[in-house]
Amino acid sequence: MEFDRSTAAFQGFLVEAKQYWMSEIWSELKEDYRERSRGKAISTQEQVASLMQDSPSYWFYSWLERHIQRAKYCGRYGLGKALADARVRPPSEANLKLREVPVPDYYSAVDTHQHPGNLVGAPNAGLVYKASAQSTQPGATNRYGLHERFARFLGELGEFKHILELGCGFGKSALPLAKQFSGAEVRAIDLSAPCLELAAAEAAEARARNLVFEQADLRKTGYAEGSFDLVTSTMLLHELDTPALRESFREARRVLAPGGTLVHLDFQVKDPFLQFIHYTHARRNNEPYMEEINRLDLEAELRGAGFDGVRILPFEEVEGATSPEWPTWRFPWAVFVARRP
Amino acid sequence: MSSAVSQPQQREQTYFPDPAADRIMGVVFNLAAEVQVLRDRVRVLEHLLEAKGVLSRSEIDAFRGSDEQERSIASDRRDFVRHLLEPVLGRAASRNDVEAARGV
Chain A
479 MEFDRSTAAF QGFLVEAKQY WMSEIWSELK EDYRERSRGK AISTQEQVAS LMQDSPSYWF
539 YSWLERHIQR AKYCGRYGLG KALADARVRP PSEANLKLRE VPVPDYYSAV DTHQHPGNLV
599 GAPNAGLVYK ASAQSTQPGA TNRYGLHERF ARFLGELGEF KHILELGCGF GKSALPLAKQ
659 FSGAEVRAID LSAPCLELAA AEAAEARARN LVFEQADLRK TGYAEGSFDL VTSTMLLHEL
719 DTPALRESFR EARRVLAPGG TLVHLDFQVK DPFLQFIHYT HARRNNEPYM EEINRLDLEA
779 ELRGAGFDGV RILPFEEVEG ATSPEWPTWR FPWAVFVARR P
Chain B
739 MSSAVSQPQQ REQTYFPDPA ADRIMGVVFN LAAEVQVLRD RVRVLEHLLE AKGVLSRSEI
799 DAFRGSDEQE RSIASDRRDF VRHLLEPVLG RAASRNDVEA ARGV
């Protein structure tokens with residue numbers, strides 16, 4: 479996407495600001511927390527919250543996290559204006575199936591990621607989302623790197639032939655998935671038609687012929703029982719409220735064949751300081767369910783939905799990122815693997 | 739299906755003990771971004787003008803525009819000020835009532 483020079487300079491300023499926030503301001507915040515917590519027994523995120531509430535480092539950290547994201551979308555150099563008339567060119571291939579799917583209340587209640595109008599609103603919502611995602615975690619999410627690593631992780635679990643991706647967005651993980659499993663048929667579903675249109679156009683451009691995008695609700699996909707040997711998602715679980723999460727697990731079990739595998743890439747955080755950061759990030763970034771999903775016992779939830787062999791593993795979006803000495807802010811990525819008996 | 743772009747009436751989140759500081763931060767941040775946009779543009783202009791041998795720096799200082807040129811400069815100044823001071827309004831740009839959404 480080509481922006482005019484001023485918009486590109488403004489958005490570039492935001493990426494630089496986010497990188498500074500991720501490194502310098504994050505380091506300062508951690509140092510401040512170390513000093514405030516020295517000699518204290520901290521075991522809950524609530525204790526961290528009370529230590530940090532009068533920390534100027536935390537005030538600025540919070541403000542910048544909120545407003546760098548907000549600024550991406552708004553104002554005279556924002557994506558909303560820059561992409562107001564942008565439309566996806568329809569793909570030449572029949573790799574897109576749109577149908578009217580009611581938007582669930584849990585999904586439409588908030589402008590997730592501070593994206594005005596959310597992802598199901600304007601026809602340019604997919605393009606705006608894609609442009610915004612460039613600077614969510616510069617270094618990890620601005621390229622396909624994280625998604626290619628995840629696709630390779632899935633490749634190590636087995637040679638899957640029938641794959642369903644849930645909540646595929648604008649197709650950032652579906653394409654690496656289709657490349658990793660080039661002999662498989664990949665179906666990718668989402669609620670957002672503008673995102674699916676963009677995903678399908680990019681897949682057609684990349685000549686990913688084993689990939690079809692469909693508009694569907696992950697709680698009731700419409701696929702026949704036992705249709706898939708892998709059901710997967712990235713960055714989806716925290717966008718669901720608890721009832722939707724439970725329904726999605728049950729639906730995944732239904733559409734998986736016996737012996738099939740479920741793998742979600744999302745977040746899990748237990749350290750009190752990082753939990754505090756995660757929960758407050760959720761508020762700042764308009765993520766209403768991030769905290770409640772992290773509080774759930776997902777292993778028990780998966781067992782309750784009829785899965786076994788549940789494993790929850792930290793995931794490195796870049797080499798070395800799970801090291802305690804990792805210098806920059808990151809999401810607490812984790813993979814959730816389960817088997818349908 | 740929700741409308742194309744929501745018109746939130748909610749208040750923006752605040753992080754400083756004095757919420758006025760949140761708004762001032764907004765002004766400072768927008769100002770900094772605008773300065774960077776300008777710096778970028780001036781750099782581009784300098785490179786182009788120098789490369790083409792078009793004019794020197796003293797000619798810029800001596801510039802007096804036509805009425806239309808001055809109107810265009812004034813219009814840009816008005817846009818700049820609106821952008822600069824918008825955070826003082828303290829309005830949310832996205833629907834962000836996370837607590838209410840949990841109760842849906």
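As they're listed, the protein sequences go chains A and B.
Take the first sequence: its position 223, counting from 1, is numbered 701 in this note's numbering, and each next residue is one higher.
Take the second sequence: its position 47, counting from 1, is numbered 785 in this note's numbering, and each next residue is one higher.
Where is the CB? At the ideal position from N, CA and C, for every residue including glycine.
- Identification of chain A residues near R779/B by a Cβ-Cβ cut-off of 8 Å yields R483, S484, A487, ordered along the chain.
- Nearest CB-CB separation between V819/B and chain A: not below the 8 Å threshold.
- For W504/A, no chain B residue has a C-beta closer than 8 Å to its own C-beta; the minimum C-beta separation is roughly 16 Å.
- Beta-bridge partners assigned by DSSP to E643/A: A666/A, T710/A.
- Per DSSP, the unbroken alpha helix (DSSP H) holding L786/B starts and ends at 757–790.
- The beta carbon of C552/A falls within 8 Å of a beta carbon belonging to chain B, placing the residue at that interface.
- Rounded to the nearest whole angstrom, the CA to CA distance from E703/A to D510/A is 53 Å.
- In this structure, the beta-carbon distance from A666/A to F691/A falls below 8 Å.
- With fewer than 16 other CB atoms across the displayed protein chains lying within 10 angstroms of its CB, K698/A is exposed.
- In the three-state scheme derived from DSSP, where H, G and I count as helix and E and B as strand, E571/A is classed as coil.
- Only those residues of the segment 587–600 of chain A whose C-beta falls short of 7 Å from the nearest C-beta of chain B are listed: A587, V588, D589, Q592, H593, P594, G595, N596, V598, G599, A600.
- With respect to chain B, the C-beta atom of S540/A has a partner C-beta closer than 8 Å.
- Within its own chain, the residues whose Cβ lies closer than 7 Å to the Cβ of N764/A, once the five positions on either side in sequence are excluded, are V588, D589, T590, H591, Q592, listed in chain order.
- Along the segment 622–635 of chain A, there is no position whose C-beta sits under 8 Å from a C-beta of chain B.
- Taking a cut-off of 8 Å for Cβ pairs, the segment 804–813 of chain A and the segment 718–727 of chain A do not touch, as fewer than three such pairs fall below it.
- Taking 8 Å as the cut-off between beta carbons, none of the residues of the segment 676–691 of chain A comes near chain B.
- Counting other Cβ atoms within 10 Å of its Cβ, Q751/B reaches 16 or more and is therefore classed as buried.
- Interface criterion met: the Cβ of R840/B is under 8 Å from a Cβ in chain A.
- Contact check for A652/A against R567/A fails: the beta carbons are separated by 8 Å or more.
- In summary, D532/A is exposed, with fewer than 16 beta-carbon neighbours lying within 10 Å of its beta-carbon over all protein chains present.
- Apart from the 5 residues on each side of it in sequence, C552/A sits with its Cβ closer than 8 Å to the Cβ of G558, P594 in its chain, given in chain order.
- Straight through space, the alpha carbons of D778/B and R773/A are spaced by roughly 46 Å.
- Scanning V788/A, L752/A, A686/A, E770/A for the CA closest to the CA of H716/A turns up E770/A.
- Per the DSSP secondary-structure output, T739/A pairs in a beta bridge with L708/A, R817/A.
- Short of 8 Å from the beta carbon of L529/A, and not among the five residues preceding or following it, lie these beta carbons of its own chain, in chain order: Y511, R514, S515, K518, I520.
- In this chain, the alpha helix (DSSP H) harbouring D583/A covers 583–586.
- If you compare the alpha carbons of E675/A, A799/A, G787/A with that of P569/A, the shortest gap goes to E675/A.
- Within chain A, no residue has its beta carbon less than 7 Å from that of Q748/B; the closest one is some 10 Å off.
- For H716/A, no CB of chain B lies under 8 Å from its own CB, so it is not counted at the interface with that chain.
- The residue from H640/A, I755/A, R483/A with its alpha-carbon nearest to that of L507/A is I755/A.
- Going by DSSP, E692/A is part of the beta strand (DSSP E) stretching over 689–693.
- V766/B sits exposed, since fewer than 16 C-beta atoms from the chains shown fall within 10 Å of its C-beta.
- Per DSSP, reduced to three states, the secondary structure at K698/A is strand.
- The criterion of a C-beta distance shorter than 8 Å is not satisfied by A572/A and L492/A.
- The criterion of a C-beta distance shorter than 8 Å is not satisfied by A677/A and V664/A.
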